[in-house]
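Enquirer: Position in the sequence shown (first residue = 1) + 30 = the numbering used here. One structure, pasted below without further comment.
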Amino acid sequence: MSKLTKNKGVTKAEQYLGKLCEKSFLSLWSYPGLFKQPGKELCDLLVMFGDHIIIFSDKDCEFPKNKDIKLAWSRWYKRAVSKSAEQIWGAERWIKQFPEEIYLDASCKKHFPFKFPDIKKILFHLVVVTHQGSKACKNYYGGSGSMIVSNDETFASKSEPFVIGDLDTGETFVHFFDDTTLDIVMKNIDTVTDFVSYLDKKEKFFRSEIKIISTGEEELLAHYLKRINNNGEHDFILPNENANCIFLSEGNWEEFEKNPQRLVQKEADRISYFWDYLIERFAKHAQEETQYFKQDNGLIISEKILNFLAKESRFKRRMLAKALLEAAEKTPINKQFIRCKPAQEKGDPAYVFLMFPWREDKTERENREARIGMLDAVMRVVKFKYPESEDIIGIATESGRAKAEAGSEDAGYLDARNWTEKNEEEAKKLQQDFKILINPVKSFVHDEEYPDLNEKNNMQNKTINKYREDENITGVPENIYPYVLEFCKELPDATNPIYIPVKPDSDAMVKECFANVEEKIKNEGGKIVYGWQVWEFYGVMIEAEFHAIWLSPKNELIDITPKELPFTKILFVETPNLIYENKQTNNIRKSLLKNTKLADEFIETYNRMFNILNEGDRSKQTSVRLSDEEKFELINLGKKSSELLIKINNLIPGRNDLCRCGSGKKYKKCHGK
31 MSKLTKNKGV
41 TKAEQYLGKL
51 CEKSFLSLWS
61 YPGLFKQPGK
71 ELCDLLVMFG
81 DHIIIFSDKD
91 CEFPKNKDIK
101 LAWSRWYKRA
111 VSKSAEQIWG
121 AERWIKQFPE
131 EIYLDASCKK
141 HFPFKFPDIK
151 KILFHLVVVT
161 HQGSKACKNY
171 YGGSGSMIVS
181 NDETFASKSE
191 PFVIGDLDTG
201 ETFVHFFDDT
211 TLDIVMKNID
221 TVTDFVSYLD
231 KKEKFFRSEI
241 KIISTGEEEL
251 LAHYLKRINN
261 NGEHDFILPN
271 ENANCIFLSE
281 GNWEEFEKNP
291 QRLVQKEADR
301 ISYFWDYLIE
311 RFAKHAQEET
321 QYFKQDNGLI
331 ISEKILNFLA
341 KESRFKRRML
351 AKALLEAAEK
361 TPINKQFIRC
371 KPAQEKGDPA
381 YVFLMFPWRE
391 DKTERENREA
401 RIGMLDAVMR
411 VVKFKYPESE
421 DIIGIATESG
431 RAKAEAGSED
441 AGYLDARNWT
451 EKNEEEAKKL
461 QQDFKILINP
471 VKSFVHDEEY
481 PDLNEKNNMQ
491 NKTINKYRED
501 ENITGVPENI
511 YPYVLEFCKE
521 LPDATNPIYI
531 PVKPDSDAMV
541 KECFANVEEK
551 IKNEGGKIVY
561 GWQVWEFYGV
571 MIEAEFHAIW
581 LSPKNELIDI
591 TPKELPFTKI
601 LFVETPNLIY
611 ENKQTNNIRK
621 SLLKNTKLAD
631 EFIETYNRMF
641 NILNEGDRSK
651 QTSVRLSDEE
661 KFELINLGKK
671 SSELLIKINN
681 LIPGRNDLCR
691 CGSGKKYKKC
701 HGK
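Below is the structure:
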């Protein structure tokens, strides 16, 4: 096979998309500007990974300068949205019918390098990227400029400006990213496994019976990344299993990005990009035919090995990179070291990391041959020692590599499905002859996608606390300061505020305190206690939310409802006479800012949103029907709340305002000194 050359895209927008996809999906699986016939383009970009094919269309259409916004939207929609969808559906049909007639060049002389999967197994994901609509959307609605996405047919019509729906339920679902959301999505779910999982679950969510209105793709992404299903995967989960509609207002993404655990997660993930670097290093040599050990069909063989590495999620890459780099760090230059990571689940590969001494008295070829031979032996011993292993991936490099500026790597793969008795005997002999994994030291490693904010992350915690006045984190009041006590006394039917421990039940749902406590009483007895849980938007606003906790048979007050942030306690104000009457109760909020009305406007905006969703009998319903006027107002209110939040975030506290660090002190006596 000749050296692999690819297009780079024609327009600047296509070139940028190509770079973005190559960074997320890596170069071996990302192909811009494919052709189906001489001079006839198939699609702007295609990603093929396993049974998944992602087809991208990139449209840069000027938004019409027309005073009639509906007319301008209709014209832009036809060119940027409808035509793109037709193109991308056409590309899907072509791949299904003529998978052998796809080319890298306009003259159609260079075939696509890999064989397409069985058509019956292919899972297509279609993505349209549109440009120049975001600016017009921002001018019209305000906010971030991301377009509204909805599956509500009465709302998401071609005539409703800046609303994108499910174009044709009879065709493959089409995702739309704009100038605002393209970077957010591609840079935050930046592995092919994570990206495809998001697209797949979003497609199912949008084609379910649940009515969805989201003020932007980024708000959907925040909802998705904050929630885990029963299989331990991110998913679109509603707080109430009986709900059949959801409205996601603007600001969820910004709030998610400032979550302390999110900040720690990003820091923890930094090491994972070494895994990306390693894949790309192997892939580059395969594509440019510069591998040390060249073979016929080297690109095809390399792709099979690298497919396993690239299939790992960002979280798993973090753990794998950490294991590999720790092995490199701890191994002296003259010692051999083997680290094995057996398969965790069925279908997962086992990994072997080999640190092998480089002998100066040997040639490079002799060193490389000895290392690849040892790697092959180690992989066979891994199968012998862990018989359930079917796919075994080996990565080898020089011992002491962590302290060396340069070096080399070898990768190997063992398909151990057809393992014979002869193979077993040979592996046993290799183990004894080379003393491979005779008495390995076992270690158990536990990690969390969103690490806990505990003493292990003390440095990170200090950083967060130091700059909390800039982050505007919302949380539990750290002490019952005079202003907190005053607010609590003003609450309806209030008693003295107390701190209650948070010990979430495993089956309890976020924001479903009343149902959670009722279920707890049914199973274990005890009583339900109603009251207000008090939150503080540090230095900006204090808020009370109607809540229920559990009084155990041992007379202990416990909050069994999980929180979206990892709080260990809440501030609770019991209400002896107020009870839950199966209807929504609005939160009670009070501004803590002295020299501005921004917080008051923010409170008024949220109160109006609550009133729309809970007018009349709506307060007792899990789903509501809104008029087009109400939907429009709700979206505008969501945009307004986001704008106010940004202004509050950028606001420098007045000298007599409360400090944003949560200390309860005035700014001039705390971080304003």
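C-beta atoms are modelled at their ideal positions from N, C-alpha and C, and glycine is treated no differently. These numbers come from a predicted model, not from an experiment.
Per DSSP, which one or two residues make a beta bridge with MET78?
Expert: ILE83
Enquirer: If you count every other CB in all the chains shown that lies within 10 Å of the CB of PHE144, and 16 or more means buried, which is it?
Expert: exposed
Enquirer: Along the chain, where does the beta strand (DSSP E) that runs through ILE618 open and close?
Expert: 618 to 621 is the span of the beta strand (DSSP E), which, as asked, contains ILE618.
Enquirer: Do the stretch 575 to 586 and the stretch 619 to 628 touch if we need at least three Cβ pairs shorter than 8 Å?
Expert: Output reads no: the stretch 619 to 628 does not touch the stretch 575 to 586.
Enquirer: Measure from the alpha carbon of TYR416 to the alpha carbon of each residue in LYS341, LEU467 and LYS541, then state which is nearest.
Expert: LEU467
Enquirer: Please report the straight-line C-alpha distance between ILE152 and ARG690, rounded to a whole angstrom.
Expert: One Cα belongs to ILE152, the other to ARG690, and the distance between them is close to 52 Å.
Enquirer: I think VAL222 touches GLU247, with their Cβ atoms under 8 Å apart; what is that distance to the nearest whole Å?
Expert: Rounded, the Cβ-Cβ distance is 19 Å, inconsistent with contact.
Enquirer: When the Cα of LYS465 is compared with those of VAL411, TYR480, PRO512 and PHE79, which residue comes out closest?
Expert: VAL411
Enquirer: Buried or exposed: HIS155, going by 16 or more other Cβ atoms within 10 Å of its Cβ?
Expert: buried
Enquirer: For LYS70 and ALA136, I'd like the C-alpha separation in whole angstroms.
Expert: Approximately 7 Å, taken between the alpha carbons.
Enquirer: Check the C-beta distance from ALA110 over to GLY163 and give it rounded, since I have them as a contact under 8 Å.
Expert: 7 Å
Enquirer: Which whole runs of the alpha helix (DSSP H) in the stretch 401 to 483 are 4 residues long or more, in chain order?
Expert: As far as the stretch 401 to 483 is concerned, its whole alpha helix (DSSP H) runs of at least 4 residues are 451 to 464.
Enquirer: Ignoring anything shorter than 3 residues, give me the beta strand (DSSP E) runs that lie fully in the stretch 644 to 674, in order along the chain.
Expert: none
Enquirer: What number of angstroms, rounded off, separates the C-alpha of ASN218 from the C-alpha of GLU573?
Expert: One alpha carbon belongs to ASN218, the other to GLU573, and they sit about 31 Å apart.
Enquirer: When you compare only the Cα positions, how much space is there between LYS695 and TYR513?
Expert: Using only the alpha carbons, I get a separation of about 11 Å.
Enquirer: Take ASN448 as the anchor and find which of ASP463, GLU418 and ILE676 has the nearest alpha-carbon.
Expert: GLU418
Enquirer: What does DSSP give as the partner residue(s) for HIS264 in the beta ladder?
Expert: DSSP output for HIS264 lists ILE258 as bridge partner(s).
Enquirer: By the DSSP assignment, the beta strand (DSSP E) with GLN67 in it spans what residues?
Expert: 60 to 67
Enquirer: Would the stretch 123 to 132 count as touching the stretch 201 to 216 if we require 3 or more Cβ pairs under 8 Å?
Expert: no
Enquirer: Can you round the beta-carbon distance between LEU75 and LEU58 to whole angstroms, since I take them to be within the 8 Å contact cut?
Expert: Actually they are not in contact, since the Cβ atoms of LEU75 and LEU58 sit about 14 Å apart, beyond 8 Å.
Enquirer: Using only alpha-carbon positions, find the residue among MET349, LEU350 and MET404 that is nearest to PHE367.
Expert: MET404
Enquirer: Taking the alpha helix (DSSP H) that CYS689 belongs to, which residues open and close that run?
Expert: First-last for CYS689: undefined, no H or E at that position.
Enquirer: Just curious, the beta strand (DSSP E) that THR525 is in, first and last residue?
Expert: First-last for THR525: undefined, no H or E at that position.
Enquirer: Taking DSSP's pairing of strands, which residues face HIS161 in a bridge?
Expert: ASP90
Enquirer: Report all residues from its chain with a CB closer than 6 Å to the CB of ASP88; omit the five preceding and five following residues, and keep chain order.
Expert: Excluding positions up to five away in sequence, the list reads ALA43, GLU44, LEU47, ASP74 and VAL159.
Enquirer: GLY692 to ILE590, Cα distance in whole Å?
Expert: 25 Å
Enquirer: Strictly by DSSP, which residues pair up with GLY561?
Expert: DSSP output for GLY561 lists HIS577 and GLU604 as bridge partner(s).
Enquirer: May I have the straight-line CA-CA distance separating VAL603 from ALA524, to the nearest angstrom?
Expert: 6 Å
Enquirer: Quick check on DSSP: helix, strand or coil for HIS315?
Expert: HIS315 carries a helical assignment under DSSP once its states are collapsed to helix, strand and coil.
Enquirer: Answer yes or no: do THR199 and GLY175 have a C-beta to C-beta separation smaller than 8 Å?
Expert: Contact: no.
Enquirer: Tell me which same chain residues have a C-beta within less than 7 Å of the C-beta of HIS253, skipping the five on either side of it?
Expert: Correct list, in chain order: PHE266, LEU278 and ASN282.
Enquirer: Go ahead and pull the three-state DSSP assignment for ALA136.
Expert: Per DSSP, reduced to three states, the secondary structure at ALA136 is coil, with no helix or strand assignment.
Enquirer: Return the chain-ordered list of same chain residues with a C-beta closer than 7 Å to the C-beta of LYS413, the five sequence neighbours on each side being excluded.
Expert: SER419, ILE422, LEU444, ALA446, TRP449 and ALA457.
Enquirer: Kindly indicate which three-state DSSP category LYS42 falls into: helix, strand or coil?
Expert: helix
Enquirer: Could you tell me the boundaries of the beta strand (DSSP E) in which LEU278 lies?
Expert: From DSSP, the beta strand (DSSP E) with LEU278 extends over 275 to 278.
Enquirer: If you draw a straight line from the alpha carbon of GLU319 to that of VAL40, how long is it in whole angstroms?
Expert: Distance between the alpha carbons of GLU319 and VAL40 is about 26 Å.
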